[in-house]
Every structure is written in structure tokens, then in C-alpha cells.
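Per the UniProt record's numbering, the very first residue in the sequence shown carries number 1; after that it's consecutive.
Heads up, the thing below is written out as C-alpha cells.
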Amino acid sequence: MAIKTTCAYCGVGCGILATRTGERSVHIQGDPDHPANHGRLCSKGTHLGETVGLDGRLLHPMIGQRRASWDKALDLVAKRFRDTVTQYGPDSVAFYVSGQLLTEDYYVANKLMKGFIGSANIDTNSRLCMSSAVAGHMRAFGEDVVPASYADLDAADLIVLVGSNTAWCHPIVYQRIRARCAAGATLVVIDPRRTETAEEADLHLAIRPGSDVALMNGALAWCREAGAIDERYLANHVAVPDVFWKALGDGHDLWSVARTCDLPAGELRRFYELLAATPRTVTMFSQGVNQSLAGTDQVNAILNLHLATGRIGRPGAAPFSITGQPNAMGGREVGGLATTLAAHRDFAPENRAVVQRFWASPTIARKPGLKAVDLFRALGEGRIKALWVMATNPAVSMPDAGRVREALAACPFVVVSDVIADTDTGAFAHVRLPAAAWGEKDGTVTNSERTVSRQRALFPLPGEARPDWWIVSQVGRRMGWKSAFAYDRPADIWREHVRLSRYGDDGGRVFTLPTTGGGNAGYDDLAPFRWGGTPFADGRFATPDGRARLVAVVQKPLAAPLTNWPLTLNTGRYRDHWHSMTRTGLAPRLARHRAEPLVEVHPDDAARFGIADGGLARVATPQGESVYRASIVATQRAGELFVPIHWTDRTSTGGRTGLLPRPLADPHSGQPGFKATPAAIAPVATRWRGFALFAGEPARRPDVLWATRVAVPAGTLWELADDRAPDGLDALLPSGERVEAVDPARGTRRVAVLAKGRLVAALFITESGELPARDWLIEQLSASSAAPTVLAGRAPGVAVERGAIVCACFDLGMRTIVAAIRERRLTDVAAVGAAIGAGTNCGSCRPALARLIAEEKTDAA
Ligand SMILES: Nc1nc2c(c(=O)[nH]1)N[C@H]1C(S)=C(S)[C@@H](COP(=O)(O)OP(=O)(O)OC[C@H]3O[C@@H](n4cnc5c(=O)[nH]c(N)nc54)[C@H](O)[C@@H]3O)O[C@H]1N2
Ligand SMILES: Nc1nc2c(c(=O)[nH]1)N[C@H]1C(S)=C(S)[C@@H](COP(=O)(O)OP(=O)(O)OC[C@H]3O[C@@H](n4cnc5c(=O)[nH]c(N)nc54)[C@H](O)[C@@H]3O)O[C@H]1N2
Ligand code: SF4
Ligand SMILES: [Mo]
């Protein structure tokens, strides 16, 4: 029987029908009844089944490198936290948690820290993700409420995506946007890069990074000139500071804005005219807006535009901060950020009193705690002496991650709860606690449009893994608060969370949850529901006077390129990888869309700095450096680089993006400015390149300059390169029968290792020769006996190469698709689908298919 649950990945929050097919295997389908996706799933959701095996899982509590009983581990954690608090006070300890916890986990962690330990030093990776949106909402609305739903997209005439690569990061929402555009809506994308999202837009504004305030202020000034301001709405529902319109009058003419944003004035005018003429506008934004040193101002510039034109609280008209993680929203509801208390309440004395009374707690945090960047700084300075990290990988994902690693190494007591045994952060843990993973845990998540859905267990808990809420409650009990943490099941916590959301309610906040009837069964059967209705539909906001606020925001001067750091480094995501890849890295179908970490460079910069396409390049910033494979593309703006965030110590020697950004943050939200770091680039010479293939994993990561792991069926592929002699690699090959071929003229060496006739490993390296395509050799790993041509790296006769995987569902590579387009003269995405299936399942590759067709047309012309 299919179990209804919710996708593990992004904030779209798609419903899934999961049918178990074996002990640790599951068939995944979209849930046709779920309001977020109506049955659709993207490439990541579709291939969730490939990530539910037990490979790499942490299955037992570990103290140092030794397995320990739960009792021992929990007692130790409780004792160390209690002793540290006793000796140094509550603010000497901290939790660093995650938007990938379930609401119930999050609630318990927040309660323990703020109500019982008595500090607000609990912050979350959401600080890195949408805290600028939170701060912007607070300033404008008086409460952190996203006043939009997906249905607004269906009703909009103009959809503006700002700093959002929706086609890759929120693919199912993107499909909804495309459907609306097919019915006549206009799509504008504002992003310095020509992403696949931008590629399909009616208008793409390749904005100069960091100039979004100027762009949005200019839009508002234009709307005012054009008579598009809703004066009645302003008069009745919005407080406008005296200086507001005067400030907007200065320097916001079309030409000045075009210069600041480095945009053609004609394109900018087209955008402004569209905006002024289209009341049903949804402006959706994410990290290009939030992850900036001026993130909160950028958010308020967008909110100003919507408030002043009355485009809020009405169908098809809303500012829409789309959330990244599956439960970023749930974290905001429980108060998981250091800057909120609980249930959308802040630290005002009356709120503290209400929450403390509700929890019947001995104490309550007095003031906001340390925000993520400050928290890790305090860790480095020895002010935090015990840290518990749950469901996040800060050694990878924090800015200036090298410094974060030093801080973790210096901390006297680090606890890490994770599902994976070996993570970059786990390497610093004194205690590692095995958490239950997606597919094993039960609870709720809230998606971008405030829809609460159940995640349900599909499998029994493996090994000694336990749900996060259980782990935290156990520590709470062992610290001495037995009854406050006496939960038996997630339903107990859910009901308490619902009661707190309504406790002492004076009608001032939008956030309250409806009571779930029917006891535990009612919780088990809970159908997806959205809280908050249509927020602000009545024009009342959560401020003391009920009015929203326009906030006067000014564009910060944009720095000229520095002599030593002449480029601007932008960082972000790939379509088929998820963050530090602890889960997507297990799925061969997701691995080869982008198999290696690339630095994308504009052709002018490549010429200027001597970077070769496909060669290696070192990207450096004042914080650190890392090597990437260079990709020279015209989709980058000149002067800017783009690198992905997904690779780690476990998966690569290069692509270590976390080492590069500055540990600087927006002054209002504390969100780091990940999208614009002064940087430099230089080519890296290599003497040889090659690859190694292993059935399963090698004993350790190959110790060469460039080594990148790629998950493949039945094993792992490692792409390799170095400027030192390729010694030492043989030691990684397993024992077995070796066959070998050497070509000294080209510096080529090919080794295959066979065991009982099966291929168990291969090593191909060359200085000046060709390397075979990997596909055929990868298939040989699964064959019952290796072909005699194994050292040739291909089947006798024909050579087939699929190229990078474009369609993950049907495993179709770029070359296969281009050949089909060419040979069968396919002219649109539907025709490609009809011919070879590409794009007909999850649809995530449809933007890429459109681009390949367009490129073929250009080539043909
Ligand atoms: N495939 C995939 N999907 C994901 C995730 C994942 O890891 N992989 N993670 C999830 C999470 S947690 C999040 S937060 C979301 C993030 O989703 P997105 O915000 O869509 O993703 P990013 O790639 O971080 O950045 C978005 C875009 O901002 C642009 N940008 C950079 N600087 C500026 C600027 O100054 N102005 C403007 N207007 N744009 C700028 C970048 O070029 C980039 O294309 O994705 C979620 N979905
Ligand atoms: N340079 C740069 N850095 C960035 C960003 C960027 O755009 N550029 N984006 C930032 C953003 S928006 C985000 S959201 C962060 C994401 O960064 P992280 O939160 O560090 O990324 P993940 O790899 O998702 O880490 C989640 C961890 O939790 C584990 N896990 C999964 N499920 C569970 C569970 O149920 N319980 C427990 N206990 N553990 C679990 C996983 O194995 C993994 O180790 O990165 C931020 N860092
Ligand atoms: S869009 Fe994709 S990754 Fe996001 S929730 Fe839906 S299926 Fe999962
Ligand atoms: Mo995020």
C-alpha cells in the first residue's frame, strides 16, 4: 500500500506516494492529491528511492571513534552541557540546527535551549538561507509571514523572479510558472547569470550583482510617475515615513538606474512598463536577494513596491519569498532562529511571560542569542564551550569555512546528530548521534506557501538510529527536566506546538494553528493544510497600529574591482545535487548532470587570466582557495565567476566553495553575503589526467591534486588529474587479477582489476593521449564477466558516448539528445519527448532541452 509522505528536499514541499518494494527499497510517485505538486515530482524527488539504502549511514552512537550505548552517549551529552552551564552560564553553550529537521524536532530543541537551559543560543542554517526575508517581513508587516501561495502564480499576469534559479532549485513551482506563461502570463528573470530559468523568460535582466535595491526603487519611482500607486491602499493600510517619497525621488530615473545596474535602458524600461501596467504581479525571490550584505534592504525594496501598488492580499498579487529547505517554514513557526522566541513571538517581556508560563519552565531566554556567523566566531574565541549541531554541515556551508573548522577543532565539546557517519562536520565531533533519516521519521513540515504536510515513516529504524525529537528529549530529561520532555511520540509534540500557537492569543499575529482532532490517529491521518488563509486580505497587518510599513532603503555604493581581487565570486546550486550531497551523492542518476564542480567564467575573463575550457583553475579569495574545472560560458557576466556549493572533503579535493566567502553578514538579519566575494582566478597546470573506477568505494580518497567522486551504478568513479607523478594510485586498487597496458609515447597507462572474471576496479591515466568515455566501463562494473576489450575502454567496434546527463529519468546524455534532434529534425521539446522520452517524466530537463534545440537551430542557420 502506498504511504503518503513529503519530499525530503526543497521548500516546494511536494507530496509523495511511497510504496515499499523491499527491506530498504521503495517506489516513489508524485501524490496527485497533494496541493503543492498535484502528482508531479522533479528529478531529485523522482530519484529519492536511490538514497534510502544504508550505505554510509551512522547507525550507532559514537564517542570519539568508539561505539557507545545510547545511555552512555546521552548521559555524556547531558552531563557536559549541564556542567558547562553550571560553570560558565547558559550563554556558554549553543545549538546549531537546521531547516531539515521536522517541526517536532525543532520545537523540542528550541524549548530545551530557550526555556530550560535559558539561553537563546540556538540558531539554524536558515540564518544562511532566508533570515533577510524574515527581517524584511518583520519590518514591513510586523510579523514574519509569507503573504503568498502557489495559487497566486496561477492567477498572476506578470511573474518576476529575482535572484532565483527556479528551474533548478524549485522545479515543480517552475513548471507551474511555465504553465501560467503558456496561458499568457509574462515572465521576467532578474539574475546576473543567464540561468536555464532566465533562458526561457520573456525578459532577462542580467543585473550587476548587488544592485537590486536600485532596480526596485527605480521600479517604484516609475510606477509613481505612471500613476500605478494605490493611494487608497496606502492611506488606509500603510504607514509611510515622511522622507520616503523624497528619498525615492533622488537618482531613480531610468538612466541612473540603468547605469547603476549595468543594464540596457531599453530592457529596463520594458520591465518597468510591464510592472506599472500589471496589477496581478507576483515577485518571487530567493538567494540572489537574501544572501547579500544588503539582503534585508533588498527584501524591503520588493515589499515596498508591492505595498505601494496595493499588490498584496489579493489573488495573483504578492511578494513571494520562496523557501529553500523542506522545513525552513516550520523552523520559523517554532522560533528556531536565535532572534525569535517561539510561535512567532519575540523577546518582549509579555511574550517571554506567556511562553514561560506555557512551558512551565524554570527560566526563559532574556534576549536574542548569537546568529550563525557570530556563533561560530564566539566558538573560535572560546566563548561557546559546548556545541550541538543537528542536521546541517557547517564545516561546508558556513562562510569562511576554514575558520569554522578551526573553531570546531578548538571547541571542548562538539556533538553532531546526523544520518551519515562521515561528514566534514562530523570529523570534529566528540560525540556523534545517529539520527533517523527521511523515510524513517514521522512528523510535519511546512512548505513555502505555509502548507503543513506529514512526513511518514516507510521503514523501521535501522541499527540504533533514533528520531531527532527523541534524542533531544532524552538529553532534556537527563539534564533534569523529566516531565517537560516526557514525549512518547511526535503527535504529543505537535499538539503542544498547536496549543502554544494559540496560547494567550490576542488576535494580533497571523500565525495560529488549528487544533488537530482525533487524538494520535488524527495526527497520523493529518491531511495537508495551509495556515494563515490569505494573509493581509483585510489590509490589517501585525503591527500595533495594524498598518504595514514602507521602509526607506537606499542602494549601497557598489565597490569597484580590487587590484588583487579583480573578480566577483557568485555561489549557488546545481539542478541534481542537494547541498553537501550526503544524500544526492548516493544516487547515480543524479550524479552526472554535473559530475564535477565547475567554475563558470566569461570568455573575456578566460582570455584575460589564461583559463582554458576544461582545464583546472584555482579560485582564490582573501579567506581561502580551491580548485575547479573551468567552464567558459557566455552565460556569465564578464568580471564574475560562479561556483557550486555541493562538493566536500568526502567527495572531492576541489570545489570547496565554503572556504571562499567572507564571514560578513547583513546588519539587520545576520545573513551572510554568499553571492559576491572579491576573488581572483589562475590556471592550474597538470601533467596527466585520468579516472579510476571502483566497485563500491575505494579505501580512501585518491591523494592527488584533482580527485572528484561520482556515484555510478554499482560503484564510484573518480575523475583525476595532477602535476606530480601518478604514484600511489595503485595502492588504492583492490587485489585481484591485473591486466595492464602502457603507451610510454603518450604517457598512457591502463589497468583493469578482475576478480572471478568481474571488473572490480580500473585506472586509466594519460599525459597526452585520449581517455575513453566512461559509460561503457561503468556498465562493465555490473556485468557478470568483464569484456575482453576492457583495456580499450569500449565495446568491440562502435564507440558510444552519451555526454553529460541531461534527462536523469531516462538516463539520456547530451550527445544522445543532440544526435536525435539533428537526425530526426526535432524542433520542439514535445517532439524530443515523443521521439526519445526526454523530458516526459519529471520535466526538470525541459529548459535544457529547449536550449539544445535552440542551439541546434543556430548551428543549422
Ligand atoms: N537542486 C537544488 N535545489 C535546491 C537546493 C539545492 O541544494 N539543490 N537547495 C534548496 C535551498 S536550501 C535553497 S535556499 C534554494 C535556493 O534557490 P535559489 O535561490 O534559486 O538558488 P541559488 O543558486 O543559491 O541562487 C539563485 C540565483 O541568485 C543569483 N544572484 C546572485 N547574485 C545576485 C544579485 O546580486 N542579484 C540578483 N537578482 N540575483 C543574484 C545567482 O546567480 C543564482 O542564479 O534552493 C533549494 N533547492
Ligand atoms: N557559498 C554558499 N554557501 C551556502 C549557500 C550558498 O548559496 N553559497 N547556501 C546556504 C543555504 S541557503 C543553506 S540552506 C545551507 C545548507 O547547508 P547545510 O545545512 O550544511 O547542508 P546539508 O548538506 O543539507 O546538511 C544537512 C546535514 O543533515 C544531515 N541530515 C539529513 N537528514 C537529517 C535528519 O533527519 N536528522 C539529522 N540529524 N541529520 C540529517 C545530512 O546528512 C547532512 O549532513 O548552505 C548555505 N551555504
Ligand atoms: S520540487 Fe523536487 S526537490 Fe522540491 S519538493 Fe518537489 S520533488 Fe522534491
Ligand atoms: Mo537554503
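All C-beta atoms, glycine included, are put in the ideal place defined by N, C-alpha and C.
Source: prediction; values computed, not measured.
Between the region 307 to 321 and the region 273 to 283, do at least 3 Cβ pairs fall closer than 8 Å? Yes: the two stretches touch, three or more of their Cβ pairs being nearer than 8 Å.
Buried or exposed (CB count within 10 angstroms, at least 16 for buried), residue 393: Residue mapping note: residue 393 aligns to position 393 of the sequence shown, counting from 1. Buried, since its Cβ has 16 or more Cβ neighbours within 10 Å.
Sorry if obvious, but does the Cβ on residue 573 come closer than 7 Å to a heavy atom of ligand 1? As a first step, residue 573 must be located in the sequence shown, where it is residue number 573. It does: the Cβ of residue 573 is within 7 Å (strictly closer) of some heavy atom of ligand 1.
Give me, in chain order, the residues of the same chain whose beta-carbon lies closer than 6 Å to that of residue 146; leave out the 5 immediate sequence neighbours on both sides. Position 146 of the sequence shown holds residue 146. Excluding sequence positions up to five before and after residue 146, its CB lies within less than 6 Å of the CB of 321, all in the same chain and listed in chain order.
Euclidean distance between Cα positions of residue 185 and residue 350: Position 185 of the sequence shown holds residue 185. Position 350 of the sequence shown holds residue 350. Each residue's Cα considered, the two are about 46 Å apart.
Using the three-state DSSP reduction, which class does residue 574 fall into: helix, strand or coil? Locating residue 574 in the sequence shown gives position 574, where the first residue counts as 1. In the structure shown, residue 574 sits in coil (DSSP, three-state: anything other than H, G, I, E or B).
Taking the alpha helix (DSSP H) that residue 181 belongs to, which residues open and close that run? Working through the sequence shown from its first residue, we reach residue 181 at position 181. DSSP places residue 181 inside the alpha helix (DSSP H), whose first and last residues are 171 to 182.
Counting only the same chain and skipping the five closest in sequence on each side, list residues whose C-beta sits under 8 Å from that of residue 821. As a first step, residue 821 must be located in the sequence shown, where it is residue number 821. The residues 832, 852, 853, 856, in chain order, have a CB closer than 8 Å to that of residue 821 in the same chain once the five nearest residues on each side in sequence are set aside.
Out of curiosity, what's the CA-to-CA distance linking residue 816 and residue 596? Position 816 of the sequence shown, counted from the first residue, corresponds to residue 816. Position 596 of the sequence shown, counted from the first residue, corresponds to residue 596. Just so you know, the alpha carbons of residue 816 and residue 596 end up roughly 20 Å apart.
Considering only residues of the UniProt domain "4Fe-4S Mo/W bis-MGD-type" (1 to 56), which uninterrupted beta strand (DSSP E) runs meet the minimum length of 3 residues and lie entirely inside it, listed in chain order? Listed in chain order, the complete beta strand (DSSP E) runs (minimum 3 residues) inside the UniProt domain "4Fe-4S Mo/W bis-MGD-type" (1 to 56) are 3 to 6, 15 to 22, 25 to 30.
Check for me: the alpha helix (DSSP H) holding residue 663 runs from which residue to which? As a first step, residue 663 is located in the sequence shown; it is residue number 663 there, counting from the start. Note, residue 663: premise wrong, no alpha helix (DSSP H); not H, not E.
Nearest to residue 483 (by Cα), restricted to the options 441, 527, 111: Position 483 of the sequence shown, counted from the start, is the residue given in the question as residue 483. Comparing Cα positions, the closest option is 111.
Going by CA-CA distance only, name the one from 846, 270, 583, 574 that's closest to residue 202. Indexing the sequence shown from 1 puts residue 202 at position 202. Restricting attention to 846, 270, 583, 574, the CA atom closest to the CA of residue 202 is found in 270.
When burial is assigned at 16 or more other CB atoms within 10 Å of the CB, is residue 27 buried or exposed? In the sequence shown, the residue the question calls residue 27 occupies position 27. Looking at its Cβ environment, which holds fewer than 16 other Cβ atoms inside 10 Å, residue 27 is exposed.
Status (buried if at least 16 other CB within 10 Å, exposed otherwise) for residue 564: To locate residue 564, count along the sequence shown from 1; it is residue 564. Result: exposed.
With DSSP as the reference, label residue 636 as helix, strand or coil. Translated into the one-based positions of the sequence shown, residue 636 becomes position 636. Of the three classes helix, strand and coil, the one that applies to residue 636 here is coil, per DSSP.
So, with DSSP's three-state summary, where would you put residue 361? The residue labelled residue 361 in the question sits at position 361 within the sequence shown. The three-state secondary structure of residue 361, taken from DSSP, is coil.
For a test of the three-state rule: what should DSSP assign to residue 807, helix, strand or coil? Looking up residue 807 in the sequence shown gives position 807. Note: residue 807 maps to strand in three-state DSSP.
Buried or exposed: where does residue 557 fall if 16 or more other Cβ atoms within 10 Å of its Cβ makes it buried? On the sequence shown, residue 557 is found 557 positions in, with the first residue counted as 1. So residue 557 counts as exposed.
Would DSSP call residue 252 helix, strand or coil? For the purposes of this step, residue 252 is taken as residue 252 along the sequence shown, with counting starting at 1. Three-state result, residue 252: coil.
Where residue 455 falls: helix, strand or coil (DSSP): As a working note, residue 455 is residue 455 in the sequence shown. In the displayed model, residue 455 falls within a strand according to three-state DSSP.
Can you tell me whether residue 12 sits near ligand 3, meaning its C-beta is under 7 Å from at least one heavy atom of the ligand? By one-based count along the sequence shown, residue 12 stands at place 12. Within 7 Å of the C-beta of residue 12 there is at least one heavy atom belonging to ligand 3.
Collapsed DSSP secondary structure at residue 646 in the structure displayed: Position 646 of the sequence shown, counted from the first residue, corresponds to residue 646. For residue 646, the secondary structure class from DSSP, reduced to helix, strand or coil, is coil.
Would you call the CB atoms of residue 617 and residue 684 closer than 8 Å? Translated into the one-based positions of the sequence shown, residue 617 becomes position 617. Translated into the one-based positions of the sequence shown, residue 684 becomes position 684. Yes; because the gap between Cβ atoms is below 8 Å, this pair is in contact.
Quick check: is any heavy atom of ligand 3 less than 7 Å from the C-beta of residue 28? Residue mapping note: residue 28 aligns to position 28 of the sequence shown, counting from 1. No, Cβ of residue 28 sits at least 7 Å from all heavy atoms of ligand 3.
Throw me the rounded Cβ distance for the residue 328 and residue 11 pair, which I believe falls under 8 Å. Counting from 1 along the sequence shown, the entry for residue 328 is found at position 328. Counting from 1 along the sequence shown, the entry for residue 11 is found at position 11. By a beta-carbon distance limit of 8 Å, residue 328 contacts residue 11. Their separation comes to about 6 Å.
For residue 49 and residue 733, the rounded distance between their alpha carbons: Here residue 733 is taken as the residue at index 733 of the sequence shown, counted from 1. Here residue 49 is taken as the residue at index 49 of the sequence shown, counted from 1. One alpha carbon belongs to residue 733, the other to residue 49, and they sit about 30 Å apart.
State yes or no: is the beta carbon of residue 809 nearer than 8 Å to at least one beta carbon in chain B? The chain labelled as chain B is not found in the depicted structure, where only one protein chain is given.
Assumed close pair residue 223, residue 323 - CB separation to whole angstroms, cut-off 8 Å: Residue numbering aside, residue 223 sits at position 223 when the sequence shown is read from its first letter. Residue numbering aside, residue 323 sits at position 323 when the sequence shown is read from its first letter. Taking 8 Å as the upper bound for CB-CB distance, residue 223 and residue 323 are not in contact here, some 27 Å apart.
Cβ atoms of residue 435 and residue 466: under 8 Å apart, would you say? Reading the sequence shown from its first residue, position 466 is the one you call residue 466. Reading the sequence shown from its first residue, position 435 is the one you call residue 435. Residue 435 is positioned such that its CB atom lies closer than 8 Å to that of residue 466.
Beta carbon of residue 547, beta carbon of residue 835: below 8 Å? The residue given as residue 547 occupies position 547 in the sequence shown. The residue given as residue 835 occupies position 835 in the sequence shown. No, the Cβ-Cβ distance between residue 547 and residue 835 is not below 8 Å.
Mapping the DSSP letters down to three states, classify residue 743 as helix, strand or coil. Translated into the one-based positions of the sequence shown, residue 743 becomes position 743. Residue state, collapsed to three classes: strand.
Sequence-distant residues of the same chain with beta carbon closer than 7 Å to residue 235, five excluded per side: For the purposes of this step, residue 235 is identified with residue 235 of the sequence shown, where counting begins at 1. None.
Among 379, 759, 432, 303, nearest to residue 409 - alpha-carbon criterion: In the sequence shown, the residue the question calls residue 409 occupies position 409. Comparing Cα-Cα distances from residue 409 to each of 379, 759, 432, 303, the minimum goes to 379.
Comparing C-alpha positions only, which one of 165, 373, 104 sits nearest to residue 343? Taking the sequence shown and counting its residues from 1, the one referred to as residue 343 is at position 343. The closest CA to that of residue 343, considering only 165, 373, 104, is found on 104.
At which residues does the beta strand (DSSP E) containing residue 390 begin and terminate? For this step, residue 390 is matched to residue 390 along the sequence shown. Residue 390 -> beta strand (DSSP E) spans 386 to 390.
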